[in-house]
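Line order of the protein sequences matches chains R and Y. Just so we're aligned, residue 1 is where the first sequence starts under the numbering used here, counting upward by one. Just so we're aligned, residue 1001 is where the second sequence starts under the numbering used here, counting upward by one. Cβ atoms here follow ideal geometry from the backbone N, Cα and C, with glycine treated the same way. Every value quoted in this text rests on a predicted model; they were computed, and no experiment measured them. Worksheet: one structure, shown below.
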Amino acid sequence: MKIKQLSVFLENKPGQLNIPCKALASAGLNILTLSLADTHQFGILRLILEEPDKGKEALEAAGCVVNVTEVVAVTVPDRPGGLAEILDLIEKAGINLEYMYAFTARKKDQAILVFRFEDPETAIEVLQKNGISVINRVELFDLAK
Amino acid sequence: MKPELENMIWDKAETLNRDDLAVLQLERLKRQAAHAMNVPFYKNAFAKAGVTPDDIKSLDDIRRLPFTTKADMRENYPLGLMAVSRDDIARIHGSSGTTGKPTFVAYTKEDMKTWSNLVARFLVAGGLRAKHIAQVAFGYGLFTGGFGLHYGIETVGAAVVPASAGNTPRQLMLLEDLGVDVLICTPSYALNLAEIAAEMNCIDRLKLKFAHFGGEPWTEDMRRQIEDMLQIYAFNNYGLSEVIGPGVSGECIYRRGMHFQEDHFIVECINPKTLEPVAAGEKGELVITSLTKQAMPVIRYRTRDIASIDDSPCQCGRTGRRMSRVIGRTDDMMIIRGVNIFPSQIEEAILRIEGTAPHYLIELSRPGALDIITVKVEILPNIFSDRMSEMQNLHDRLVREIQNVIGVRPNVELVKPQSLERFVGKAKRVVDNRKLAD
C-alpha cells in the first residue's frame, strides 16, 4: 500500500527548482503531484511520479541529490472537515506524522492526502481499521491521471 | 567636532637620523645575534647557514642570517626559543591563533619596559597625552593586545579603563560616564560600537577624541566611516606576538603609513617566493629581526604579512620608515573579527559530521561593521533526507561545530555534490570579498 516518493535537495538560489523539473520533462516523466518545503538556507522538493525508479535515474543524471521514501496515500471526500477527521484519528492513535500534502483527484469528487509517517505500517493498519481508504499506487495513478 | 591634532614625540630615539640609526642598528644586531646563540634552535640554524654572529660586519649581512618561521616557533613549543633562564622571565603571552596550542612568547622585566615604551611611542604619536583617559576594549589575556596597550597607556601617564572585550552597551556606558578620550580596540569592533551608539543616540554625549586600532586588517573606507560616525581620529598600528606584540609600527598624525620603530627592529620586505628583497616601495612579505629583546630574540621572522615600505621623509620628524596597511597574507590565514583562522580548522569541523563531503568554500564579506563568514558545504546523497527537521539539524550541527572551532558564528549553506569548483593541486578554499586593500 505504500507509495514511493522522491525527494530532491534544492540549493537556495534562483533556478534551482527548474533543474529537476527539466530533467523529468526531457525524460518524458509526468509528475503526479509535488510539495515543496524550504527554509531560507535550502529546500526539499518532494515528488510523486508514475515511474519513480526512472525518475530517480533521470534526476541523478542531472546532478540532483535524490532520496526515496515511502509515503501513504488516502482518499477522502472533497468536502469541509475531510482532512480534520483523519488528522483527529492520527492524533488519537498516537501516530507520528512527519508531514503531509494534499491534492484533488481529477476524475472524482475526492481529495488525495499523502502522508509521511515515521512508521507507515502501523499507520496503514490504524487508518484501515477505521475505515479510511488507503490507496495503492495503481489506484493513485488512476485517480490522479 | 573633531579634536585638534598636534605632533608630539615621546622618545627622541624616534627621530634619530638615518646614519646614526644605522650605526645603532648594526651594533644592536651584532649583540642580538650573539645573544640568540643561547638558543639551541638559532645556534643550529646559524651553523646550517654557515654563519656566526661575528660574520655580521654591515647591516646588509643580515641577509646571510637564516629565516625563522611560524613552524619553527611551533616546533619549539612551549618555550624552546628562550635565550634567558626561566628565572628571568616576567611575563608569558600567546598568539591569538586558534589552532590547538598557542605560540608562547616570554618577556623579561626589561622586555616589558621596552615593549611598554614602544607602545607609548605610537600612542603619543596618535594623540594620547598624560591627561587623557583611555579605554582598552581588547581582550585581556594571553593575547598581547590587551596588556600591551594597557602598559603603553600607563607608561604615557594616562588613565586606563581596562574594559576588556565585549558587552557593547557596557562599553558605551563606560565611554560616556567616564568621559573617555581614547578608545583602543579592533577596527571592526569600533564600527560595531559606533553603530550601536548611533542607534542608542548617545554619540553626542561621548568625549572620544582618538582611537588606536589594531589586531586585524582594515581599510581607509572603514577609517572614514568610523571617524565620521564618532567624530574622532583613528590611528592604525601593527605588531605581532611572535615579535613583541603591538609596538612594531604605528601612525603619526600625518597618517601616511606606520612608522617602524627601527631602533628596536630591522624590517626587511622580501619576495616570498625568491626570498630576495623587493624594490623600494614594492609589496612584499615583512621579515622582522628584533634588536633588543632579552627573553626571546627573533632573527628574520617571516611574518607572512604582505605590505610595502615607504622610505620618504615624514614631516612629523620620526625617521622610521613607514609601512602600508597589511594588504594580504602569504599563507591562507584569515583574520575574522580579530581572530586568526585557518581553512583547515573549518575543514576539520566539517569532517566531524558524517555525510558532508570535504568540499567546502569559505566566503568572507563585511556588509556592515562585522565580518561575515559563509561556509558552503557539499552534502552527500546518503545524508540527504526528505525530512526538514533532519536537514535543519545537519545545518545547525555544522554551524555549531564550526563556531566551536573558530569562535565566530558562521552562515552555513548546504550545496549539491559537485557544485563547488574542484581544484587540481592546491585548492582555493577562501573567497575574501571584504576588499581589504584600498
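- The secondary-structure analysis by DSSP pairs VAL76 of chain R across a beta bridge with R:ALA111.
- With respect to chain R, the C-beta atom of ASP1181 of chain Y has no partner C-beta closer than 8 Å.
- Around the C-beta of GLN1315 of chain Y, fewer than 16 other C-beta atoms lie within 10 Å, and the residue is accordingly described as exposed.
- Y:TRP1218 is the residue among Y:GLU1199, Y:GLN1225 and Y:TRP1218 whose C-alpha sits nearest the C-alpha of THR1186 of chain Y.
- Residue range 18-26 is occupied by the alpha helix (DSSP H) that includes CYS21 of chain R.
- Shortest Cα-Cα distance from LEU1183 of chain Y to any of Y:ASN1192, Y:ALA1134 and Y:ALA1159 involves Y:ALA1134.
- With respect to the 8 Å criterion, GLU1242 of chain Y and MET1082 of chain Y are not classified as neighbours on the basis of their beta carbons.
- VAL65 of chain R reaches chain Y at ILE1379, PRO1381, PHE1384, LYS1416 and PRO1417, counting residues in chain order whose Cβ is nearer than 7 Å.
- Residue pairing from DSSP leaves ASP53 of chain R without any beta-bridge partner.
- Contiguous beta strand (DSSP E) elements confined to the segment 1059-1139 of chain Y occur at 1089-1094, 1104-1108 and 1133-1136, taking only those with 3 or more residues.
- Here GLU60 of chain R really is in contact with VAL66 of chain R; their C-beta atoms are around 6 Å apart, less than 8 Å.
- Of Y:LEU1291, Y:GLY1247 and Y:ASN1044, the smallest CA-CA separation from VAL1124 of chain Y is found for Y:GLY1247.
- At a beta-carbon threshold of 9 Å, the residues of chain R lying near HIS1395 of chain Y are THR39, GLN41 and PHE42, ordered along the chain.
- Close partners of GLU121 of chain R in chain Y (Cβ separation under 9 Å) are lacking, with about 18 Å as the shortest Cβ gap.
- As DSSP reads the structure, PHE1260 of chain Y sits in a beta bridge with Y:SER1249.
- For GLU1413 of chain Y, the chain R residues whose C-beta falls within less than 8 Å of its own C-beta are GLU11, ASN12, GLN41 and PHE42, listed in chain order.
- Here the alpha carbons of PHE1138 of chain Y and TYR1151 of chain Y stand approximately 13 Å from one another.
- For SER26 of chain R, none of the residues of chain Y pass the 9 Å Cβ criterion, the least Cβ distance being about 19 Å.
- Along the length of the segment 1316-1383 of chain Y, whole beta strand (DSSP E) runs at least 3 residues long occupy 1334-1336, 1339-1341, 1356-1365 and 1372-1379, reported in chain order.
- Boundaries of the beta strand (DSSP E) around TYR1301 of chain Y: 1301-1310.
- Beta-bridge pairing by DSSP links LEU45 of chain R to R:VAL8 and R:LEU36.
- If the five residues before and after VAL1180 of chain Y are omitted, its C-beta is found closer than 8 Å to the C-beta atoms of ILE1133, ALA1134, GLN1135, VAL1161, LEU1174, LEU1206, LYS1207 and LEU1208, all from its own chain and listed in chain order.
- Bridge partners of CYS1269 of chain Y according to DSSP: Y:LEU1286.
- Going by C-alpha positions, LEU32 of chain R is about 19 Å away from PRO77 of chain R.
- In this chain, ASP1019 of chain Y is not harboured by any beta strand (DSSP E); it is covered by the alpha helix (DSSP H) spanning 1018-1036.
- In the same chain as ALA1036 of chain Y, and ignoring 5 residues on each side of it, the C-beta atoms closer than 7 Å to its own belong to TYR1042, ALA1083, PRO1297 and ILE1299, in chain order.
- Across the segment 106-135 of chain R, CB contacts with chain Y closer than 9 Å involve ARG116, in sequence order along the chain.
- Counting along the chain, SER1389 of chain Y sits inside the alpha helix (DSSP H) bounded by residues 1388-1406.
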